[in-house]
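Notes to accompany the following structure.
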Amino acid sequence: VLIMAEHNRGKSTTALRLALAGFPLLCDSMIFLPPDSEELQLLGFPVGQVKLRQDMIAEFPRVQPFLEAESVRGEKKYSLDLRSLDASLVEDRAAFPSTADLCLLDRGDGVSSRLEAVSPEMVMDAIMLNSLFYDTEDVWCRNLQGIQRLLDRAHCYRLVIGSDPAGIVETVAALWAGPRE
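Taking the numbering used here, I'd label the letters of the sequence shown as residues 295 to 475.
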C-alpha cells in the first residue's frame, strides 16, 4: 500500500498505526522506482523512519521513549526509527510487488474510514504534485516511465480516514484481504 497526500494530512500517523498493527513499513517519506528495472521495484528512504507532529505523540505512548526531536521544514517533529522499537515492524529490503494499492489520503469528518475507487489519472495528478526529482528532460521522462509502470499495476483509491484509529487499520486490512477489481 502506498499512501500519498499533501503535507500534514495524516500520512505518518496512518503509516505508524498500520506498522504497529503488523503491516511492515518500508518508509514514511520517499519511494524510489528504479527506472531501468523491468519488474516493479519499490525502494524507500529513509527505511523504517516515521516522523510525528507533536500533537500526535500522545496517541502513541508505546513509542514515546524512542522519539527524537528534530526540525523539519521549520516545524518541530519527532522522529522514530521503528527498528529501535521492533525490527519486525520494518521492511528493510526492496519490495517487488506484482501489484500495488495506491491510496490518496484524505481526512474525513466522521468516525469511520472508507475506501473509494479513483482513476489512475487522479493518482498521477497527486504524484506529479508530490514528485521532487526533476533534473533534466531525459531524467524526468525516465522517472515518468517508472511511475507509469507502477500505475499500470496498481489499484487506485482514496482512503478517507476517520477519527477511530482501529477503523483505519480495519479499512486497510480489508483492502489487502478483499478481492481485486
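Where a beta carbon is used, it is the ideal one built from N, C-alpha and C, also for glycine.
Which residue comes first and which comes last in the beta strand (DSSP E) that contains glutamine 335? Neither: glutamine 335 is in no beta strand (DSSP E) and is coded neither H nor E.
Selection from Ile297, Leu310 and Val341 that minimises the alpha carbon distance to glutamate 353: Leu310
With burial defined as no fewer than 16 other Cβ atoms inside 10 Å of the residue's Cβ, what is the status of isoleucine 455: buried or exposed? buried
Can you pull the DSSP bridge partners for isoleucine 325? Gly338
Could you tell me which residues DSSP pairs with cysteine 397 in its beta bridges? Ile297 and Tyr451
Using only CA atoms, which one of Glu362, Ala381, Ser378 and Leu379 lies nearest to tyrosine 372? Glu362
Glutamate 464 versus phenylalanine 390: straight-line alpha-carbon distance, rounded: 24 Å
Just the C-alpha distance for methionine 422 and histidine 301, rounded to the nearest angstrom, thanks. 14 Å
First and last residue of the alpha helix (DSSP H) that includes leucine 346? Here leucine 346 belongs to no alpha helix (DSSP H); instead the beta strand (DSSP E) covers 343-347.
Is there contact between the segment 345-352 and the segment 396-405, where contact requires at least three CB pairs shorter than 8 Å? no
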